[in-house]
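Down below is the structure, laid out as structure tokens.
In the numbering used here, the protein residues as written are 7 to 404.
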């Protein structure tokens, strides 16, 4: 019986202690809740501008002051190729009344701005001047101003817009240059057209002809024709770092500035670097049985690129004489030279052509600036020997 009483007392003490603990925790929670409610921090803001510890009659002054400072320090720009237009945020008027009247307590609110029709026109004119009308003829000013107003309402400190996001899609397929490769054998024309119609040049990448076409069933000659056509239409662009081998004796289809030799086994490739963030493409079309057309398609270029050949040095040709006893004074077009002891008969069978070394210089002229010239690549042409038939006859024999 005594044991039972002791057990009961022990459990009673435990229950009382537990009840007191629970009530203490509940009381403490209640006190903290009341204290917190009485000391809640107002989290009201407009973008990054905090208004929580300001009276409502101070909102206008604080917002106007902070937004004037934000307009000066914020960086909003449009970029295209290597050109930039800085958006003048002073053209956008802050609407304090609309901002304050739409405030919601304890949350981040947006700022309200107005952009007048006159300022929209000014903005559009400045953008078209900066990026030229040839690029911006399809510029969507309504879409741009809509995006701009959404971003400024959030008081973003930095925003970069890509001009191409506001151009019509077909602008990306503008024809930038064209060239024809002629005097190709008909089988080569048919083989090339059957295998290749479009070649892609990736943004910010080094283009390699062998990487893109090396696995196709095309001969080295056919790949050389393609590379030469690409060379012709890419010289007057931003592409740089050309690496290739040339034909020192020109095939029938090659010419100066359109002369690349591809040889798979030796890794003779045709490569260059596209340093713009745009893709380009080469369109290959058949003109006739022996002619292919190459067209470079992509976004229009603002900087003017002009590549010209600049002669450096001449390489003289040799004169070769081939003995031919059948020619004499009766031979057509014979050239007769008489000495004291002999007659010398010559017939020209191949005209000599001097070789040359030529630098291809590209002048890059940025909008509103003077041009700057760089060497794009050099080209060497071997001389063609002058060849004569020759017959020397002693006068005594005659």
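The beta carbon of each residue, even a glycine, is placed where N, CA and C say it ideally should be.
Just so you know, these numbers come straight off a predicted model, no measurement behind them.
Whole-angstrom distance between residue j and residue i, CA atom to CA atom
i	j	result
residue 299	residue 97	48 Å
residue 109	residue 77	21 Å
residue 123	residue 243	38 Å
residue 367	residue 181	23 Å
residue 240	residue 215	13 Å
residue 9	residue 47	Reliability of the predicted coordinates at residue 9 is poor, the pLDDT of 49 falling under 50, and no value is obtained from them.
residue 317	residue 227	27 Å
residue 53	residue 163	10 Å
residue 101	residue 159	10 Å
residue 315	residue 141	29 Å
residue 197	residue 231	11 Å
residue 251	residue 218	18 Å
residue 374	residue 153	29 Å
residue 193	residue 391	31 Å
residue 93	residue 253	51 Å
residue 376	residue 370	9 Å
residue 301	residue 322	37 Å
residue 119	residue 289	47 Å
residue 306	residue 72	40 Å
residue 347	residue 397	14 Å
residue 399	residue 324	24 Å
residue 74	residue 130	23 Å
residue 43	residue 55	Note that residue 43 scores a pLDDT of 48, beneath 50, so its modelled location is shaky; the value from the coordinates is reported in the next line. Using only the alpha carbons, I get a separation of about 24 Å.
residue 79	residue 247	39 Å
residue 261	residue 143	37 Å
residue 330	residue 268	39 Å
residue 337	residue 361	31 Å
Assumed close pair residue i, residue j - CB separation to whole angstroms, cut-off 8 Å
i	j	result
residue 264	residue 202	With a Cβ gap of about 17 Å, residue 264 and residue 202 do not count as contacting.
residue 173	residue 145	6 Å
residue 339	residue 353	6 Å
residue 86	residue 222	35 Å between Cβ atoms; not a contact.
residue 308	residue 139	Wrong, their Cβ atoms sit about 11 Å apart, outside the cutoff.
residue 190	residue 297	7 Å
Proximity of residue i and residue j at Cβ, strictly below 8 Å
i	j	result
residue 303	residue 179	yes
residue 328	residue 380	no
residue 156	residue 210	no
residue 384	residue 363	yes
residue 207	residue 285	yes
residue 111	residue 67	no
residue 355	residue 395	yes
residue 401	residue 351	no
residue 405	residue 282	No statement about residue 405 is possible, as the shown extent of the chain runs from 7 to 404 and does not include it.
residue 234	residue 195	no
residue 83	residue 166	yes
residue 204	residue 287	yes
residue 313	residue 256	no
residue 91	residue 147	no
residue 105	residue 126	no
residue 213	residue 274	no
N-terminal and C-terminal residue of the alpha helix (DSSP H) that residue i is part of
i	result
residue 399	Careful: residue 399 lies outside any alpha helix (DSSP H), inside the beta strand (DSSP E) at 392-400.
residue 379	From DSSP, residue 379 is part of no alpha helix (DSSP H) but of the beta strand (DSSP E) over 378-387.
residue 237	226-240
residue 211	Taken as a continuous stretch (DSSP letters only), residue 211 belongs to no alpha helix (DSSP H), being part of the beta strand (DSSP E) at 211-214.
Continuous beta strand (DSSP E) stretch holding residue i: start and end
i	result
residue 185	180-187
residue 144	Note, residue 144: premise wrong, no beta strand (DSSP E); not H, not E.
residue 246	246-250
residue 280	276-280
residue 302	297-304
residue 196	Not the beta strand (DSSP E): residue 196 falls in the alpha helix (DSSP H), residues 192-201.
residue 293	286-294
residue 165	164-168
Residue i Cβ short of 7 Å to the ligand MG heavy atom set
i	result
residue 110	For the structure depicted, the ligand MG is absent and the ligand set is empty, with no information on it obtainable.
Whole runs of the alpha helix (DSSP H) within the stretch 51-138, excluding any shorter than 4 residues:
65-79, 102-107 and 123-137
Residue ranges of each beta strand (DSSP E) run of no fewer than 3 residues wholly in the stretch 318-376, ordered along the chain?
325-329, 341-344, 348-356 and 361-371
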